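Chemist: Numbering (the numbering used here), first residue to last: 18 to 113.
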Amino acid sequence: MSPSNRRFNIPTPQDDDVVPEELSELGQLIDTLSPTRPPELDVAFQRVLNTALRRNQTLERVQEALSQLRVDIKYLMFDLEITRRERDELRQRMEG
18 MSPSNRRFNI
28 PTPQDDDVVP
38 EELSELGQLI
48 DTLSPTRPPE
58 LDVAFQRVLN
68 TALRRNQTLE
78 RVQEALSQLR
88 VDIKYLMFDL
98 EITRRERDEL
108 RQRMEG
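(1) Following the continuous alpha helix (DSSP H) through glycine 44, name the residue where it begins and the one where it ends.
(2) Sorted by chain position, which residues of the same chain lie with C-beta nearer than 8 Å to glutamate 39's C-beta, five sequence neighbours on each side aside?
(3) Secondary structure at arginine 102, three-state DSSP: helix, strand or coil?
(4) With a 10 Å radius around its C-beta and 16 neighbouring C-beta atoms as the bar for buried, classify leucine 133 as buried or exposed.
(5) Mapping DSSP to helix, strand and coil, what is threonine 68?
(6) Give me the Cα-Cα distance between leucine 93 and aspartate 59, rounded to the nearest whole angstrom.
Here it is as structure tokens:
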């Protein structure tokens, strides 16, 4: 990433945050504009960038939570099946 993009706090490839390629290109295009460009443009771009990064982080957290939920459900289903087997065995012992 070029040093000029560091002004927008665009993460480098080794950072955990992944910037969509389109936003990275937009940041580079904004940097090529005249230095007298409205400062609001830089502020607006930084807000969009921060929002995209937060959205990606939230999505990653949701995906991790769903993965953990799937594992938890599998354990619960296994536990339920074992509990049912034990119940059935005890019923047979009590009846027979």
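Beta carbons are placed, not taken as given, at the ideal position from N, Cα and C, and that holds for glycine. No experiment lies behind these values; they were computed from the predicted model shown.
Modeler: Inspection of the coordinates gives the following:
(1) Per DSSP, glycine 44 is one residue of the alpha helix (DSSP H) stretching across 38-49.
(2) none
(3) helix
(4) The requested residue 133 is not part of the displayed model; the chain covers only 18 to 113.
(5) If DSSP states are grouped into helix, strand and coil, threonine 68 belongs with the helices.
(6) Here the alpha carbon of leucine 93 sits roughly 51 Å from the alpha carbon of aspartate 59.
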